[in-house]
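Q: Count the sequence shown with numbering that gives the first Met the number 0 and you get residues 0 to 139, in order. A virtual CB, placed ideally from N, CA and C, is assigned to each residue, including glycine. As the structure is a computational prediction, the values presented were derived from the model and not from experiment. Below are the structure tokens for one structure; questions will follow.
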Amino acid sequence: MAIALEILSPEKLLLARDVDMVVIPGTDGDLGVLPGHAELITGLRGGLLDIYENNVITDRFFVSGGFAEITESRCAVLADSIVRQSELNAGTANAALVAAKAAYDATDVHDADAYREASDRLISAQGMVDALTPQMADKA
0 MAIALEILSP EKLLLARDVD MVVIPGTDGD LGVLPGHAEL ITGLRGGLLD
50 IYENNVITDR FFVSGGFAEI TESRCAVLAD SIVRQSELNA GTANAALVAA
100 KAAYDATDVH DADAYREASD RLISAQGMVD ALTPQMADKA
């Protein structure tokens, strides 16, 4: 039995196929989605989305944020931005992290909206740097 996975970015439908399982970076932690999963809608944090087929990760994508809608037979991921893990660049990721830290440190903690936005940006940038770690280990 499989679950229908759809991954969409603002630009296009990136992927639509049946998979055994998908692990998504939810705002409250990673979620493993299998057929028969309880229905829910969750926000996404910056992190890796793993696609499993035959108990093996077949594809990995970095999502910067967004949300996912999960039903018993379908998982639709609507990502703010998404890129294959193999296409991530360490220089770009580290620069994004430095910029996000600076913006976070400069944010007025009394401005809840600005603080939340800066925090989300920092979490996403750190997630991108962390997403490179397994990739770098594979090359060692």
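Specify the secondary structure class of Asp112 as computed by DSSP and reduced to three states.
A: Taking the sequence shown and counting its residues from 1, the one referred to as residue 112 is at position 113. It is helical.
Q: Taking the CB atoms as reference points, tell me whether Val76 and Gly65 lie closer together than 8 angstroms.
A: Here residue 76 corresponds to residue number 77 of the sequence shown, with the count starting at 1. Here residue 65 corresponds to residue number 66 of the sequence shown, with the count starting at 1. Cβ atoms of Val76 and Gly65: closer than 8 angstroms.
Q: Out of curiosity, what's the CA-to-CA distance linking Arg115 and Thr132?
A: Taking the sequence shown and counting its residues from 1, one reaches residue 115 at position 116. Taking the sequence shown and counting its residues from 1, one reaches residue 132 at position 133. Taking the straight line joining both Cα atoms gives about 26 angstroms.
Q: Which ranges does the beta strand (DSSP E) cover as unbroken runs of at least 3 residues, wholly within the region 20-82, from first to last along the chain?
A: 20-25, 28-32, 39-43, 46-52, 55-62, 65-69, 73-78
Q: With DSSP run on the structure shown, which of helix, strand or coil describes Glu140?
A: A query on residue 140 cannot be resolved here, the shown segment of the chain reaching from 0 to 139 and no further.
Q: On a CA-only basis, which of Ala105, Asp107, Pro24, Asp19 is nearest Asn54? Give me that one, please.
A: Within the sequence shown, the letter at position 55 stands for residue 54. With distances taken between CA atoms, Asn54 lies nearest to Asp19 out of Ala105, Asp107, Pro24, Asp19.
Q: Mapping DSSP to helix, strand and coil, what is Asp129?
A: Within the sequence shown, numbered from 1, the residue matching residue 129 stands at position 130. It is helical.
Q: How is Asp17 classed by DSSP in three states: helix, strand or coil?
A: By one-based count along the sequence shown, residue 17 stands at place 18. Three-state result, Asp17: strand.
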